[in-house]
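K.L.:
Sharing a structure with you now.
Numbering (the working numbering), first residue to last: 6 to 423.
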């Protein structure tokens, strides 16, 4: 049997590569291997700006080979299952890879098939989504071409990656129509399966100002359940104080955020916790049962927002704790639940939402520089010009600007009953 890898990382997305880079910066002699079948790595936060006509899609894609950290090996394969009892991962071809420490960062599954009719009509009949690389340019094409009619934007039940993304697409679209003098001829509806506009109340007032500016019709507890692309109609299940009813709405353009869930090989594995997501301590990101297993990114079952910014903060924490585990020690670093959602409320301004566990505000900058609760040009510059190089040349290279891990303090033992 082949020697086990020191660290085996499942998933070479933002979370997996950032963790590999942080580990190798700390110890270049480690045997670190990444498992991922994809040949292209995407900067997914950029797809909102592709759909808004700011970026070209090609700016958000690079070859996987070019972003794998120097010193790490790449196993170009899919994962079939986890066997933590034997410290092995099974690949799609039936072979196995062994490890001393496992880092699970496989991402989540965009469940397009969960909505009847959606998969068949994506990319045509006016139905689009910035949640796919190949569709975000179609979003911008639709926005430019729509001069009158009805535009629908949907958000499914939580959790989803980047919970603000459905709104970002809507605000940028409305801003374009307003600048082109079309707003009065276009009806915009936001169908949100949840009951609030944004989960952290501090940012809602600024967002509501833009809802009013763009005359957006908010439809809470309105869940997309079917799409008929050729007929340009969408079916929603809407709930209010009087009960639940089914409503059919016609559209000229519809931007869909798909339901999202843990991948099957995760949900069906010994690592899964509630909802099928990977169980992990919210601070140390270590599995509660398997002490040499850590998880981060979109597949972990912690309550933080599923964003690239969260992965950027999680990766150094996992790196520190993996090294401790390899040395037979307890975790030493803690994650505070940080996530960031730069809400693109208009072209040139962003509401920079930054928060941690429990909705605690965790701003990176002093309020006199960037007030996250107000639309800011500086926040837009950060999103458009600063974050892409920070991602490609910082996060994926193990450079931890504004992401240094905090020390972990174990909770005090419970007092013995009197």
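Yeah, the Cβ is synthetic: ideal placement off N, Cα and C, and Gly gets one too.
Across the segment 218-238 and the segment 36-51, are there enough close Cβ pairs to call them in contact, namely three or more that are closer than 8 Å?
P.N.:
no
K.L.:
Quick one: is the Cβ of residue 202 within less than 7 Å of any heavy atom of the ligand NAD?
P.N.:
Questions concerning the ligand NAD fall outside what the structure shown contains, since it holds no ligand whatsoever.
K.L.:
For residue 255, which residues does DSSP report across the bridge?
P.N.:
238
K.L.:
Using C-beta distances below 6 Å, list every residue in its chain close to residue 231, excluding the 5 sequence neighbours before and after it, in chain order.
P.N.:
121, 122 and 240
K.L.:
If residue 229 sits next to residue 253, beta carbons under 8 Å apart, how far is it from one beta carbon to the other, in whole angstroms?
P.N.:
Actually they are not in contact, since the Cβ atoms of residue 229 and residue 253 sit about 11 Å apart, beyond 8 Å.
K.L.:
With a threshold of 8 Å, are at least 3 pairs of Cβ atoms found where one atom belongs to the segment 142-159 and the other to the segment 72-84?
P.N.:
no
K.L.:
Residue 408 to residue 257, Cα distance in whole Å?
P.N.:
43 Å
K.L.:
What does a CB cutoff of less than 6 Å around residue 192 pick up in its chain, not counting 5 residues either side in sequence?
P.N.:
Non-local beta-carbon contacts of residue 192 in its own chain, meaning distances under 6 Å to residues more than five positions away in sequence, involve 155 in chain order.
K.L.:
With distances taken between CB atoms, is the gap from residue 188 to residue 179 smaller than 8 Å?
P.N.:
yes
K.L.:
Checking the sheet assignment: what are the DSSP bridge partners for residue 167?
P.N.:
Note: residue 167 sits in no beta bridge, so no partner.
K.L.:
By the 10 Å Cβ neighbour count, where 16 or more other Cβ atoms means buried, how is residue 163 classified, buried or exposed?
P.N.:
It counts as exposed.
K.L.:
Determine the contact status of residue 127 and residue 265, defining contact as a CB-CB distance below 8 Å.
P.N.:
no
K.L.:
Which word fits residue 307, buried or exposed, when buried means at least 16 other C-beta atoms lie within 10 angstroms of its C-beta?
P.N.:
buried
K.L.:
Applying the 10 Å Cβ sphere with the 16-neighbour rule, what's the burial state of residue 323?
P.N.:
Under this definition residue 323 is a buried residue.
K.L.:
On the DSSP letters alone, give me the boundaries of the alpha helix (DSSP H) that residue 22 sits inside.
P.N.:
Following the DSSP letters along the chain, one finds residue 22 inside the alpha helix (DSSP H) bounded by residues 19-31.
K.L.:
Which same chain residues end up closer than 6 Å to residue 222 when comparing Cβ atoms and leaving out the 5 residues on each side of it in sequence?
P.N.:
194
K.L.:
Return the bridge partner residues of residue 416 from the DSSP annotation.
P.N.:
In DSSP, residue 416 forms no bridge with anything.
K.L.:
Measure from the alpha carbon of residue 282 to the alpha carbon of each residue in 295, 304 and 411, then state which is nearest.
P.N.:
The residue with the shortest Cα to Cα distance from residue 282 is 304.
K.L.:
Looking only at C-alpha atoms, which of 9, 20 and 136 sits nearest to residue 62?
P.N.:
136
K.L.:
Could you tell me whether the Cβ of residue 278 comes closer than 8 Å to any Cβ of chain B?
P.N.:
Here there is only one protein chain, and chain B is not present.
K.L.:
State the Cα-Cα distance for the pair residue 355 and residue 390, rounded to the nearest angstrom.
P.N.:
13 Å
K.L.:
In terms of alpha-carbon separation, which member of 21, 367, 12 and 26 lies closest to residue 398?
P.N.:
26
K.L.:
Going by Cα to Cα distance, which pick from 313, 312, 319 and 314 is closest to residue 300?
P.N.:
319
K.L.:
How would you call residue 345, buried or exposed, if buried means at least 16 neighbouring beta carbons within 10 angstroms?
P.N.:
A residue is called buried once 16 or more other Cβ atoms fall within 10 Å of its Cβ, and residue 345 is buried on that count.
K.L.:
State buried or exposed for residue 168, treating a residue as buried only when at least 16 other CB atoms are found within 10 Å of its CB.
P.N.:
Buried is the label assigned to residue 168, since at least 16 other Cβ atoms lie within 10 Å of its Cβ.
K.L.:
Relative to the alpha-carbon of residue 151, which residue among 131, 140 and 166 has its alpha-carbon at the smallest distance?
P.N.:
131
K.L.:
By a C-beta neighbour count over all protein chains shown, 10 Å radius and 16 as the cutoff for buried, is residue 37 buried or exposed?
P.N.:
buried
K.L.:
May I ask you to report which of helix, strand or coil DSSP gives residue 177?
P.N.:
Note: residue 177 maps to helix in three-state DSSP.
K.L.:
For residue 344, which three-state DSSP category applies?
P.N.:
strand
K.L.:
Across which residues does DSSP place residue 291 in a beta bridge pair?
P.N.:
DSSP output for residue 291 lists 299 as bridge partner(s).
K.L.:
Out of 96, 343 and 381, point me to the one whose CA is closest to residue 366's CA.
P.N.:
Answer by Cα proximity: 343.
K.L.:
Starting from residue 359, trace the beta strand (DSSP E) in both directions and tell me its first and last residue.
P.N.:
354-360
K.L.:
Are the beta-carbon atoms belonging to residue 12 and residue 84 less than 8 Å from one another?
P.N.:
no
K.L.:
What do you get for residue 92, buried or exposed, if any count of 16 or more other CB atoms within 10 angstroms of its CB means buried?
P.N.:
By the Cβ neighbour-count rule, residue 92 is buried, with 16 or more other Cβ atoms within 10 Å of its own.
K.L.:
Taking the DSSP output, what are the residues bridged to residue 115?
P.N.:
Beta-bridge partners assigned by DSSP to residue 115: 265.
K.L.:
Does the separation of the CB atoms of residue 7 and residue 103 fall below 8 Å?
P.N.:
yes
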